[in-house]
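Participant:
Protein chains: 2
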Amino acid sequence: MSNADEAYKELIRQARETANLASIGALLSWDQETMMPVRAAAFRAEQLSLVARLAHERATDPRLGELLDRCDADSELTSDPPVAANLREMRRDYARLTLLPSELVAEISETSSRALEVWKVARRDNDFQAMLPWLEKQFELARRKAECYGAPKGGELYDALLEDYEPQMTGKELERIFEPLRVGLTQLITSIGAARHRPDDAPDSCRVPIDRQRRFSERILDRIGFERSAGRLDVSTHPFSTGIAPGDTRITTRYGETRFADALGSTMHEAGHAMYEQGLPRDRHFGEPLGESLSLGYHESQSRLWENHVGRSRAFWQWALPVAAKELGSGLERFSVDEVYEAVNAVRPSLIRVESDELTYNLHIMLRFDIERALLRGELAVRELPEAWNCRMLDDLGVKVPDDTRGCLQDIHWAMGSIGYFPTYTLGNLYAAQIWETITRALPDLDEQMSRGEFGPLLGWLREQIHAHGRCYRAAELCVRVTGKPLGHEPLMRHLDSKLRPIYRLDDNPASVG
Amino acid sequence: MSNADEAYKELIRQARETANLASIGALLSWDQETMMPVRAAAFRAEQLSLVARLAHERATDPRLGELLDRCDADSELTSDPPVAANLREMRRDYARLTLLPSELVAEISETSSRALEVWKVARRDNDFQAMLPWLEKQFELARRKAECYGAPKGGELYDALLEDYEPQMTGKELERIFEPLRVGLTQLITSIGAARHRPDDAPDSCRVPIDRQRRFSERILDRIGFERSAGRLDVSTHPFSTGIAPGDTRITTRYGETRFADALGSTMHEAGHAMYEQGLPRDRHFGEPLGESLSLGYHESQSRLWENHVGRSRAFWQWALPVAAKELGSGLERFSVDEVYEAVNAVRPSLIRVESDELTYNLHIMLRFDIERALLRGELAVRELPEAWNCRMLDDLGVKVPDDTRGCLQDIHWAMGSIGYFPTYTLGNLYAAQIWETITRALPDLDEQMSRGEFGPLLGWLREQIHAHGRCYRAAELCVRVTGKPLGHEPLMRHLDSKLRPIYRLDDNPASVG
Chain B
11 MSNADEAYKE
21 LIRQARETAN
31 LASIGALLSW
41 DQETMMPVRA
51 AAFRAEQLSL
61 VARLAHERAT
71 DPRLGELLDR
81 CDADSELTSD
91 PPVAANLREM
101 RRDYARLTLL
111 PSELVAEISE
121 TSSRALEVWK
131 VARRDNDFQA
141 MLPWLEKQFE
151 LARRKAECYG
161 APKGGELYDA
171 LLEDYEPQMT
181 GKELERIFEP
191 LRVGLTQLIT
201 SIGAARHRPD
211 DAPDSCRVPI
221 DRQRRFSERI
231 LDRIGFERSA
241 GRLDVSTHPF
251 STGIAPGDTR
261 ITTRYGETRF
271 ADALGSTMHE
281 AGHAMYEQGL
291 PRDRHFGEPL
301 GESLSLGYHE
311 SQSRLWENHV
321 GRSRAFWQWA
331 LPVAAKELGS
341 GLERFSVDEV
351 YEAVNAVRPS
361 LIRVESDELT
371 YNLHIMLRFD
381 IERALLRGEL
391 AVRELPEAWN
401 CRMLDDLGVK
411 VPDDTRGCLQ
421 DIHWAMGSIG
431 YFPTYTLGNL
441 YAAQIWETIT
451 RALPDLDEQM
461 SRGEFGPLLG
471 WLREQIHAHG
481 RCYRAAELCV
491 RVTGKPLGHE
501 PLMRHLDSKL
511 RPIYRLDDNP
521 ASVG
Chain G
11 MSNADEAYKE
21 LIRQARETAN
31 LASIGALLSW
41 DQETMMPVRA
51 AAFRAEQLSL
61 VARLAHERAT
71 DPRLGELLDR
81 CDADSELTSD
91 PPVAANLREM
101 RRDYARLTLL
111 PSELVAEISE
121 TSSRALEVWK
131 VARRDNDFQA
141 MLPWLEKQFE
151 LARRKAECYG
161 APKGGELYDA
171 LLEDYEPQMT
181 GKELERIFEP
191 LRVGLTQLIT
201 SIGAARHRPD
211 DAPDSCRVPI
221 DRQRRFSERI
231 LDRIGFERSA
241 GRLDVSTHPF
251 STGIAPGDTR
261 ITTRYGETRF
271 ADALGSTMHE
281 AGHAMYEQGL
291 PRDRHFGEPL
301 GESLSLGYHE
311 SQSRLWENHV
321 GRSRAFWQWA
331 LPVAAKELGS
341 GLERFSVDEV
351 YEAVNAVRPS
361 LIRVESDELT
371 YNLHIMLRFD
381 IERALLRGEL
391 AVRELPEAWN
401 CRMLDDLGVK
411 VPDDTRGCLQ
421 DIHWAMGSIG
431 YFPTYTLGNL
441 YAAQIWETIT
451 RALPDLDEQM
461 SRGEFGPLLG
471 WLREQIHAHG
481 RCYRAAELCV
491 RVTGKPLGHE
501 PLMRHLDSKL
511 RPIYRLDDNP
521 ASVG
């Protein structure tokens, strides 16, 4: 074996061990949200911090740099495309992690865990002033972090933060896509606001026992292709998905006595994330970039695709409504497929991002993107945040914000220092819509399949085209490779227009209605 | 701060970090038995092995030896009894761990995990021949391990293995206690075999829905003092208890549609273990010997005490039967307290240790003790094991063993290399009985309290007398301190005689029966 081959083998071994530690951290976190007794909380923080420290030590070990150098010097090794992709991404991760001084990493970590506790109380008590110094500190730390990373050539500091969540994306590129999207969304919202027809939300107002909802969720999971032998479904306050280890991807959801379709949407969303994890080539490449997800935007595209393009489609409900009526009881058989389809697609501008509909959701995100970018640039001061927030909510959504609890304190992200994260949600919607247009060309029978409860061809396509590649291609590259085009706003607007205009009868002749 | 104070502080910090890793391993194992999806098994082994390696590296770090030396050289530091106890036990643990070459540790670990897989199949298929080479290997490794530890002065190799489970116990001492115990037990079994009266097992044959049994178990747990805010109750194939971390002690049980009292006994047994863990001074001393349990024998004494001395007492059922009748339904109200009390104390010599009654259980253990000691001494060859086993079962219990599945292959212990472990089960019974005699003197109203469902004074006594001390005293020392006497067989025989002779009417005049 050559010197470089040995170095590569050792790199992979080290990467797997670091991933092993991260996977242990993931299990500790999952347990904390789902199973852990309350009095274990203090020590759980100590466990998580130890595991994070051990993983960080390994990921920044100078030996990794030497091993990478030895590999990169061997042209035979780097001529193998998967190996080259692994080396490129490992070099990128190592370079980024070692750019941050360990004192800054420690300060960020400690600030975040303390700020999180303050945020919980501040949000509950509508107390922005309590949160103000912590948010100021978080934006200052984010700026320092971004300065350590350094802005890309011709870019801005914000791009350096984005890179943590959506590699190679830039603020300018987001602007390019978001601006026309905002125009389209706002027009559609205005039209819908003026529409005479309103979907009836009666189908989603039935009372359904939670036990039955759980069984129904499991039935749907089995059908869409979430492998329960390699995962679990549990309950937590905030639904999440976590790809803990090979063969171990867990999701949670939450049930209400009414709004069964909300719970189902949440389950399908998390299942979308989870099926991406289950589709990654972890058996062969666990711990290597080739076995990892590409970006948060791509991750979100998979969840949104199953939640919105499948779970809010008429074809899906053609199959699912009779199943739901049987499994859930509660008089669902009274409703037609169209009534349910309209109910789950109703548009209602509202205060809370996580409760918002498929259309207005993206305006919530763009508001956050603009504000966090302005805050980072210093164009806006943190103390001006509530006013800026409330103005935008009124302008964009016509919604008056009654308090900061339901305004700028509603999300956890800034409190925990995740600045540059929000755009990935709308990127997920954009990728999902663009990928979906490609899928419907590749699988012309997809609607018929879904209406028969057949999701195998869809999942198979996603596995082959997206999941199997891990981080082999960069995000923009994979987008062109799969959809033939760079990411744009048009597919998402077409998707929303073509679904919502008929539901709200926007193209009907008013005379024929009156 | 003196040099030695600093060294002590650093020792404690290191011990806590090692315990942190061990606690992570405990959570991984708990999850594996209760929650983990099947396809995660292979990688879970890798996670467990990484955590075990990291913990072992820390526990054998030569720096610990240096720190211990610096502490021991400071007479002011070692004059503080709790500090002295911590140092004594840390020195002992460090010395033992560093006596084993790491190649031997690795060979034992690998052999055990492979032998375990073979054992599962061999037990299922009644295939002793398949298991033979693995058992031979395990006894050879055990001998090598014992040689590394070295036999204590005047002792035998077996003592060096015992030390892993029951520090300072010896084969000779066990013999001294077990021999008269065996005589007493055998006589009692013979008398019971000839008794005319037989308890009716109808009370424990009711069909009870598992959901109701779970609620009943939770009710009992809350009442006896298992803190559910610092623990959980789940289900697993083999019930167990695990003290994962401060504020996090979890137990499992198993329910059958019938035999609710078996499930309850199992729950109370594990709760006894768990309440010991919850009573350890972990808030102050987690990771230090002062915050750890004393020995497996003491651990088992706590489980047996709650399972047998509480859960099989008439006083307990005076309170519990009306509760059970209400919570479980199933017609339990038809039975009297005495009928239930007799049913849960029925003696039936049987093949399987874990299903055996309170009386015959100890003969199962002594059989294993004699055989594993003879195997280690080379007085018995592993290939002769089935014959030796079957002869003893016939002699001791009058039971004919039909196959090795229900004979010498029934237990996991030897397959996983746990040689010297079995005696701790009967030690637990002995300690429990001797402690119980002390408790009934200290709490003369205990029976009345239990019959009212009051267990606080009992648990409080155990906390103060046993749990709070951690490993401050050695096992034999604590026994004398608490009960006034060295461990003996008499309290256990008195307990069994005084309970079982009346149940089987052994002292009634036969004429008055006939």
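As they're listed, the protein sequences go chains B and G. So the number in our numbering is just where the residue sits in the first sequence, counting from 1, plus 10. So the number in our numbering is just where the residue sits in the second sequence, counting from 1, plus 10. By construction, the Cβ of each residue, glycine as well, lies at the ideal position given by its N, Cα and C atoms.
May I have the straight-line CA-CA distance separating G/P433 from B/K336, to the nearest angstrom?
Facilitator: In the second sequence, the residue the question calls residue 433 of chain G occupies position 423. In the first sequence, the residue the question calls residue 336 of chain B occupies position 326. Distance between the alpha carbons of G/P433 and B/K336 is about 56 Å.
Participant: Only counting runs of 3 or more residues, tell me where the beta strand (DSSP E) segments fall wholly within the region 237–298 of chain G, in order along the chain.
Facilitator: Segments of the beta strand (DSSP E) lying fully in the region 237–298 of chain G: 241–245, 251–255, 258–263.
Participant: Can you tell me whether B/L107 is buried or exposed, with buried defined as 16 or more other CB within 10 angstroms of its CB?
Facilitator: Here residue 107 of chain B corresponds to residue number 97 of the first sequence, with the count starting at 1. It counts as exposed.
Participant: Would the beta-carbon of B/S311 fall within 8 Å of that of B/G438?
Facilitator: On the first sequence, position 301 is the one that residue 311 of chain B refers to. On the first sequence, position 428 is the one that residue 438 of chain B refers to. Yes, these two residues count as a Cβ contact at 8 Å.
Participant: Starting from B/L38, find everything on chain G with Cβ-Cβ shorter than 8 Å and list it in chain order.
Facilitator: On the first sequence, residue 38 of chain B is found 28 positions in, with the first residue counted as 1. Correct list: I34, L37.
Participant: Tell me whether G/L110 sits in a helix, a strand or coil according to DSSP, three-state version.
Facilitator: Residue mapping note: residue 110 of chain G aligns to position 100 of the second sequence, counting from 1. Three-state result, G/L110: coil.
Participant: Tell me which residue opens and which closes the alpha helix (DSSP H) that G/E349 is part of.
Facilitator: Residue numbering aside, residue 349 of chain G sits at position 339 when the second sequence is read from its first letter. Segment 347–353, the alpha helix (DSSP H) holding G/E349.
Participant: Using a beta-carbon distance cut-off of less than 7 Å, what residues from the region 365–386 of chain B approach chain G?
Facilitator: Listed by position, the residues of the region 365–386 of chain B near chain G (Cβ gap below 7 Å) amount to none.
Participant: Checking contacts by CB at 8 Å: is G/N318 closer than that to chain B?
Facilitator: Mapped onto the second sequence, residue 318 of chain G falls at position 308. Chain B contact via Cβ: absent.
Participant: Return helix, strand or coil for B/V218, following the three-state DSSP convention.
Facilitator: Locating residue 218 of chain B in the first sequence gives position 208, counting from the first residue. Residue state, collapsed to three classes: coil.
Participant: Report yes or no: is there a C-beta of chain G within less than 8 Å of the C-beta of B/A521?
Facilitator: In the first sequence, the residue the question calls residue 521 of chain B occupies position 511. Its pLDDT being 49, under 50, B/A521 is placed unreliably by the model, and the measurement read from it follows with that caveat. Taking Cβ atoms only, chain G never reaches closer than 8 Å to B/A521, which makes this a no.
Participant: Since B/L172 meets chain G, which of its residues come closer than 7 Å, beta carbon to beta carbon?
Facilitator: In the first sequence, counting from the first residue as 1, residue 172 of chain B sits at position 162. In chain order: nothing, as chain G lies at least about 32 Å away.
Participant: Exposed or buried, which one is G/I449 when buried takes at least 16 other CB atoms within 10 Å?
Facilitator: Residue numbering aside, residue 449 of chain G sits at position 439 when the second sequence is read from its first letter. When all chains shown are included, G/I449 counts as buried.
Participant: Roughly how many whole angstroms lie between the Cα atoms of B/E86 and B/A25?
Facilitator: Reading the first sequence from its first residue, position 76 is the one you call residue 86 of chain B. Reading the first sequence from its first residue, position 15 is the one you call residue 25 of chain B. Looking at the two C-alpha atoms, the distance is approximately 22 Å.
Participant: To the nearest angstrom, how far is it from the Cα of G/V218 to the Cα of G/A273?
Facilitator: What you label residue 218 of chain G is simply residue 208 of the second sequence in a count that begins at 1. What you label residue 273 of chain G is simply residue 263 of the second sequence in a count that begins at 1. When rounded, the distance between both Cα atoms is 11 Å.
Participant: Below 9 Å on C-beta distance, what does G/A240 contact in chain B?
Facilitator: Along the second sequence, one-based indexing puts residue 240 of chain G at 230. Near G/A240 (Cβ distances below 9 Å), the residues of chain B are P47, V48, R49, A50.
Participant: Kindly indicate which three-state DSSP category G/W424 falls into: helix, strand or coil?
Facilitator: Residue mapping note: residue 424 of chain G aligns to position 414 of the second sequence, counting from 1. Coil at G/W424, not helix or strand.
Participant: With the cut-off set at 8 Å, would you say B/T28 and B/G297 are in Cβ contact?
Facilitator: Translated into the one-based positions of the first sequence, residue 28 of chain B becomes position 18. Translated into the one-based positions of the first sequence, residue 297 of chain B becomes position 287. Cβ distance < 8 Å, so B/T28 and B/G297 count as in contact.
Participant: For G/L404, does the count of other Cβ atoms within 10 angstroms reach 16, so buried, or fall short, so exposed?
Facilitator: Stepping through the second sequence from its first residue, residue 404 of chain G is reached at position 394. Exposed is the call here.
Participant: Of all the options B/A271, B/L109, B/G388, B/H309, which has the alpha carbon lying nearest to the alpha carbon of B/F149?
Facilitator: Start at 1 with the first residue of the first sequence, and residue 149 of chain B comes out as number 139. Among B/A271, B/L109, B/G388, B/H309, the Cα nearest to that of B/F149 is on B/G388.
Participant: Would you call the CB atoms of B/L109 and B/Y159 closer than 8 Å?
Facilitator: The residue you call residue 109 of chain B lines up with position 99 of the first sequence. The residue you call residue 159 of chain B lines up with position 149 of the first sequence. Result yes, Cβ atoms of B/L109 and B/Y159 sit closer than 8 Å.
Participant: What is the rounded straight-line gap between the Cα of B/T247 and the Cα of B/Q42?
Facilitator: Indexing the first sequence from 1 puts residue 247 of chain B at position 237. Indexing the first sequence from 1 puts residue 42 of chain B at position 32. Each residue's alpha carbon lies about 12 Å from the other.
Participant: Any C-beta of chain G sitting closer than 8 Å to the C-beta of B/E56?
Facilitator: Start at 1 with the first residue of the first sequence, and residue 56 of chain B comes out as number 46. Chain G, which has a Cβ nearer than 8 Å to the Cβ of B/E56, makes this yes.
Participant: What's the gap between the Cα of B/S313 and the Cα of B/A55?
Facilitator: Along the first sequence, read from residue 1 onward, the residue named residue 313 of chain B stands at position 303. Along the first sequence, read from residue 1 onward, the residue named residue 55 of chain B stands at position 45. C-alpha separation (whole angstroms): 29 Å.
Participant: Can G/L195 and G/L369 be called in contact, C-beta distance under 8 Å?
Facilitator: Mapped onto the second sequence, residue 195 of chain G falls at position 185. Mapped onto the second sequence, residue 369 of chain G falls at position 359. Contact: yes.
Participant: Measuring alpha carbon to alpha carbon, tell me which of B/L58, B/L510, B/L407, B/E176 ends up nearest B/E352.
Facilitator: As a position in the first sequence, residue 352 of chain B is number 342, starting the count at 1. The candidate whose alpha carbon is nearest that of B/E352 is B/L510.
Participant: Excluding the 5 residues flanking B/P111 on each side, which residues of the same chain have their C-beta closer than 8 Å to its C-beta?
Facilitator: On the first sequence, residue 111 of chain B is found 101 positions in, with the first residue counted as 1. If we look at B/P111 and ignore the five residues flanking it on each side, its Cβ neighbours are C158.
Participant: Using beta-carbon positions only, say whether G/Y286 and G/H479 come within less than 8 Å of one another.
Facilitator: Locating residue 286 of chain G in the second sequence gives position 276, counting from the first residue. Locating residue 479 of chain G in the second sequence gives position 469, counting from the first residue. Cβ atoms of G/Y286 and G/H479: not closer than 8 Å.
Participant: With 8 Å as the threshold, decide whether the Cβ of B/E16 is near any Cβ in chain G.
Facilitator: Counted from its first residue, the first sequence places residue 16 of chain B at position 6. No, its Cβ sits nowhere closer than 8 Å to a Cβ of chain G.
Participant: Spatial neighbours of G/R238 within its chain, please: C-beta separation below 7 Å, excluding the five flanking residues on both sides.
Facilitator: Along the second sequence, read from residue 1 onward, the residue named residue 238 of chain G stands at position 228. Within the same chain, G/R238 has close Cβ partners L231, D232.
Participant: Is any beta-carbon of chain G found at less than 8 Å from that of B/D41?
Facilitator: Position 31 of the first sequence, counted from the start, is the residue given in the question as residue 41 of chain B. By this cut-off, B/D41 is an interface position.
Participant: May I have the straight-line CA-CA distance separating G/L3 from B/L31, to the nearest angstrom?
Facilitator: The structure shown does not extend to residue 3 of chain G, since chain G is modelled only from 11 through 524, so no value can be given for it.
Participant: Taking B/E67 as part of the alpha helix (DSSP H), name the residues at either end of that continuous run.
Facilitator: For the purposes of this step, residue 67 of chain B is identified with residue 57 of the first sequence, where counting begins at 1. Residues 51–69.
Participant: For G/A25 and chain B, any beta-carbon pair shorter than 8 Å?
Facilitator: By one-based count along the second sequence, residue 25 of chain G stands at place 15. Chain B contact via Cβ: absent.
Participant: Can you tell me whether DSSP reads B/A83 as helix, strand or coil?
Facilitator: Numbered from 1 along the first sequence, position 73 holds the residue referred to as residue 83 of chain B. DSSP places B/A83 in coil when its eight states are reduced to three.
Participant: How about the region 419–427 of chain B and the region 120–131 of chain B: do they share at least three Cβ pairs that are nearer than 8 Å?
Facilitator: Flag = yes, the region 419–427 of chain B and the region 120–131 of chain B touch.
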